Amino acid sequence: MAKGARTEKVDRGSEHIVLPIIALVFGVIGLVISWVPIINNAAFFFGLIGLILGIISLIVNRKNVKTISIIGTVIATAGMAIVLFTQYHYSNALDKATSELSSAVNTDDDSDSSATDKSKSDDSSSSKPMPTGEDTTLSSGNWEVGKDIKPGIYVLTAPSGSGNVDSDPKNYENPSINIILGSGEEDHETTKYRAYLNDGDQINISGLDTVNFETDKPLNNTSNDQYISGQYKVGTDIKPGRYKISAVSGSGNLITDGSVNEILSTEPDDGEVASTTVNLKNGEVLNSDVQMIQLEEQ
1 MAKGARTEKV
11 DRGSEHIVLP
21 IIALVFGVIG
31 LVISWVPIIN
41 NAAFFFGLIG
51 LILGIISLIV
61 NRKNVKTISI
71 IGTVIATAGM
81 AIVLFTQYHY
91 SNALDKATSE
101 LSSAVNTDDD
111 SDSSATDKSK
121 SDDSSSSKPM
131 PTGEDTTLSS
141 GNWEVGKDIK
151 PGIYVLTAPS
161 GSGNVDSDPK
171 NYENPSINII
181 LGSGEEDHET
191 TKYRAYLNDG
201 DQINISGLDT
211 VNFETDKPLN
221 NTSNDQYISG
231 QYKVGTDIKP
241 GRYKISAVSG
251 SGNLITDGSV
261 NEILSTEPDD
271 GEVASTTVNL
281 KNGEVLNSDV
291 QMIQLEEQ
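Okay, so the sequence shown: first residue is 1 according to UniProt numbering, each after it adds one.
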């Protein structure tokens, strides 16, 4: 019976030491994976189990076995604390990233909205009637529309001599001027040129003492008519449609901001034509430096 008693005592000691070892194992597992995002959710439960088992083993075990129980309990508690700490910081980092992404998306939306509003504003401003200008004479030099001459539609003439007149539009969509203006002494000169001058455009005059700017007005969608050199807006000056455009006097370039790009001449050489048939769409600008052209609706 003595031997049986000794056997029972060894078994009870083995049972008592298993509990703190299990607590220690759970605590260590929880501590190891407590730093890993998402997975550390499971680490908390490992730590919790280790903590519970450690407390139980502290209660039921003898003093010489309590050391393992204390270590397991401390490690389990540390793992749980690390899980809570890391979860707090991971959550803050995620919230910050989400907030920055949302802010970036809102900024893009605001930019798109601003661009759309600007486009609508530009369309609205382009559809407004051209202001009435005022007869003005400018000498050689650089001039700004809105300061030195009022915005409007003008016919440009040179009282004498010959020189260059060009412009730098403030809005790249507006038509520009690039002509040799003269009194008619040379064949290549333009004697009259009709132009749209918009606020902020820069006018450059060189080689001429003076240039007269005489006010003009929209032609109210005429069709079959003759036109001097210059700029004509389809839908304002010329009715949209299909036209045969012929040179009546002189030669020069005929272009639109669409698909037209020809050299017209009453006596065409190589690369020149006497007439061309084109489709003029609403909103386009017909720009000609031919002395006189004829439009015939087809």
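Idealized CB from N, CA, C, for every residue including glycine.
If you're wondering where the values come from, they're calculated on a predicted model, not measured in any experiment.
Use the C-beta contact count for residue i: other C-beta atoms within 10 angstroms, 16 or more gives buried, fewer gives exposed.
i, result
"Q226", "exposed"
"Y193", "buried"
"K96", "exposed"
"T256", "buried"
"A247", "buried"
"K233", "buried"
"E189", "buried"
"G141", "exposed"
"K3", "Only weak support exists for where K3 lies, its pLDDT of 46 falling under 50; the coordinates are left without a value."
"residue 309", "Because the chain spans 1 through 298 in this model, residue 309 falls outside it and cannot be assessed."
"T98", "exposed"
"Y172", "exposed"
"T236", "buried"
"Q291", "buried"
"A93", "exposed"
"Q231", "buried"
"L101", "exposed"
"residue 361", "The requested residue 361 is not part of the displayed model; the chain covers only 1 to 298."
"V18", "exposed"
Quick one, which of the options has its alpha-carbon nearest residue i's?
i, options, result
"S265", "N282, V285, I293 and L286", "I293"
"T191", "G252, D257, D135 and Y243", "G252"
"D289", "G141, S176, E100 and S139", "S176"
"N204", "Q298, L280 and V145", "V145"
"E262", "F213, G163 and N287", "N287"
"L156", "T276, T136 and N212", "N212"
"residue 340", "L295, K239 and G250", "Since the first and last residues shown for the chain are 1 and 298, residue 340 lies out of range."
"I149", "I52, D201 and A274", "D201"
"V74", "S103, L94, N92 and I52", "I52"
"S275", "Q231, I245 and V260", "I245"
"residue 303", "I153, K147 and S183", "Only positions 1 to 298 of the chain appear in the structure, and residue 303 is not among them; the question remains open."
"S206", "D237, I228, S167 and S229", "S167"
"T210", "I49, N92, T136 and T77", "T136"
"S160", "I180, V25 and A93", "I180"
"S229", "Y154, L138 and K147", "Y154"
"V278", "L138, I70 and Y243", "Y243"
"N178", "I70, L254 and G152", "L254"
With H, G and I counted as helix, E and B as strand and the rest as coil, what does DSSP make of residue i?
i, result
"E100", "helix"
"V25", "helix"
"T222", "strand"
"T7", "Note that T7 scores a pLDDT of 44, beneath 50, so its modelled location is shaky; the value from the coordinates is reported in the next line. Of the three classes helix, strand and coil, the one that applies to T7 here is helix, per DSSP."
"residue 387", "An answer regarding residue 387 cannot be provided, because it is not within the stretch 1 to 298 covered by the chain."
"S160", "coil"
"K120", "Confidence at K120 is low in this model, with a pLDDT of 49, below 50, so the placement of that residue should be treated as unreliable; the coordinate-derived value is given next. In the structure shown, K120 sits in a helix (DSSP, three-state: H, G or I)."
"N92", "helix"
"I203", "strand"
"T191", "coil"
"I56", "helix"
"T77", "helix"
"I177", "coil"
Considering only heavy atoms of the ligand PLP, does any lie closer than 7 Å to the CB of residue i?
i, result
"D289", "Ligands are entirely absent from the displayed structure, and the ligand PLP is therefore not among its contents."
I'd like to confirm the pairing. Which residues does DSSP put opposite residue i in its beta bridges?
i, result
"N253", "I263"
"M292", "I228 and S249"
"S275", "S246"
"K233", "V285"
"I149", "V145"
"L197", "G152"
"G241", "L280"
"S139", "T210"
"E297", "Y243"
"D168", "Q202"
"G182", "S162"
"T215", "Y154"
Is there contact here, the region 195-203 with the region 268-282, by at least three beta-carbon pairs under 8 Å? Output reads no: the region 268-282 does not touch the region 195-203.
Assess contact between the region 130-150 and the region 205-219, defined as three or more Cβ pairs (one per stretch) separated by less than 8 Å. Is contact present? Yes: the two stretches touch, three or more of their Cβ pairs being nearer than 8 Å.
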